[in-house]
Amino acid sequence: MSTSRRPRRSRHPTLNSVLEKLQHGVDLTEGELSLLKGQLDDLEHRAQDQAVRRAEAHGPAPAADPDVRDAYSERLAGHATPEGTTEFASRFGAGTVDFYRPAQGLSLSTIGIGTHLGAADEETDAMYADAVRAALRTGANLIDTSLTYRRQRSERATATGLRRFIDNDGGDREQVVVCTKGGYLLSECVTPGALEPTEVAGGVHSIAPAFLADQIRRSRQNLGLETIDVYYLHNPETQLKHVGGSEFMRRIRAAFHQLECAVSDGSIRYYGTATWDGYRSGLLSLPALVVAAREVGGDGHHLRFLQLPLNLGMQEALTHPAEGGGSVLKLAAESGITVIVSASLLQGRLARDLTADTPPSRSGLRTDAQRAIQFARSRAGVTSALVGMRSVAHVAENLALARDTAG
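Residue numbers (our numbering): 291 to 697.
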């Protein structure tokens, strides 16, 4: 005999109340919106602080396993191509055709695998490598990582999963879109004397050209790739806490020039901005960034990707007007920029205890995680939703949406 389980309540009662109002379509007051933003920002800052404390406790990350380093001493040539990504989508059958969307001529899965959270240890390395391979085998061809995620280990685990997919599962480099980020300083990834004090914001962040060139080189080595498909400036709004607007834009133009050079030499294909607060709070102006990209790269510039959070509890990308009155999603579409959304499950907090009428409530979605992911990936203007997945079981659950042709 089955028994019903009482839904678990949030340990943050006020946040739980606000989320319930969102789930029932009830408008929030300005005070509630402010409270929600404050609590979400506090949670993000706590997570970042905990990551820093864990990193300090463990000391510098150990060197890569010699066997892994030797295996990937020769980087994979090539990059994602229209032909390769179309072939990838076709291998999963007609039933998944709506699971892929066009992005800069590529066919991109509408769910991508994120690699942010987890301990910097061998067990988590193995889990992520297995999850990346499983995601590729199940139909997701978008991988998101960063040099700083788990102190370089997420990039290396991504490399392992990708190689296994290619070597054992009939995959090809041209089928997969690999994205990583740079901007935050990681002690073992900064050459002493390479940065002037004036080039570092708050002691933790830099977008100086020489620094970015070095970080791209390190990421290519970790990933075992000649070419990174998308390279993001990671939370560039961090700079604005320490410099004025004109100096910030000068730094942005210099960074974009360096990234255009990286495109020219084949180190990356596209670049973009991956933000947490930048567009939600209005700190960043997408039109101004596009102007800067045109100034350094002409109309054929390669600022073509944008990443920001969007989920049931964080809907600013949909609701907050940007410059000109439209949403940032609308501005991105008008500028030819592909939007990838992060935090689809709000670090797991939206993976359970959603009410029955939480949108989207259509049939075919078996779990709360699927419903939350569907909300993020189905918004107009969104190409793909990132979901952190470090277990093969979660990959199977979340990518069951690939069999649903309702988009």
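C-beta atoms are modelled at their ideal positions from N, C-alpha and C, and glycine is treated no differently.
All values derive from a computational prediction rather than experimental measurement.
The three-state reading of DSSP puts Arg443 in helix, counting H, G and I together. By alpha-carbon distance to Arg441, the top candidate from Tyr474, Glu537 and Lys620 is Tyr474. Annotated three-state conformation of Phe382 is coil, per DSSP. In the three-state scheme derived from DSSP, where H, G and I count as helix and E and B as strand, Met679 is classed as coil. According to the DSSP secondary-structure assignment, Arg391 is paired through a beta bridge with Leu398. As the crow flies, the alpha-carbon of Leu574 is around 9 Å from that of Thr565. When rounded, the separation of the alpha-carbon atoms in Ala675 and Ser634 is 6 Å. Cβ contact annotation for Val490 (same chain, cutoff 6 Å, sequence separation greater than five): Ser496, in chain order. Between the alpha carbons of Val672 and Leu396 lies a distance of about 15 Å. The shortest C-alpha to C-alpha distance from Gly562 to any of Leu523, Leu530, Gly404 and Gly572 is the one to Leu523. Going by DSSP, Ile506 is part of no beta strand (DSSP E) but of the alpha helix (DSSP H) stretching over Pro499 to Leu513. Val468 and Thr528 have their alpha carbons spaced roughly 24 Å apart. Excluding residues up to 5 positions away in sequence, Ile497, Pro499, Leu502 and Leu523 lie with their Cβ nearer than 7 Å to the Cβ of Ala545 in the same chain. Scanning its chain for C-beta atoms nearer than 8 Å, with the 5 sequence neighbours on each side dropped, one finds around Gly492 the residues Thr528, Lys531 and His532, in chain order.
Counting the other CB atoms within 10 Å of its CB gives Pro372 a total below 16, which places it among the exposed residues. Secondary structure note for Arg584: its alpha helix (DSSP H) is the uninterrupted segment Leu576 to Gly587. Distance between Arg508 and Thr450, taken at the CA atoms: about 16 Å. By the criterion of a C-beta distance shorter than 6 Å, Leu407 is surrounded in its chain by Gly678, once the five residues flanking it on both sides are discounted.
With fewer than 16 other Cβ atoms inside 10 Å of its own Cβ, Asn458 counts as exposed. Membership of Thr470 in the beta strand (DSSP E) is indicated by the continuous run Val467 to Gly472.
A distance below 8 Å between beta-carbons, with the five flanking residues on each side excluded, links Ile663 to the following residues of its chain, in chain order: Ile401, Ser634, Leu635, Ala675, Val677, Asn688 and Leu691. Between Ile506 and Ile558 a beta carbon distance of about 6 Å is seen, short of the 8 Å cut, so the two are scored as contacting.
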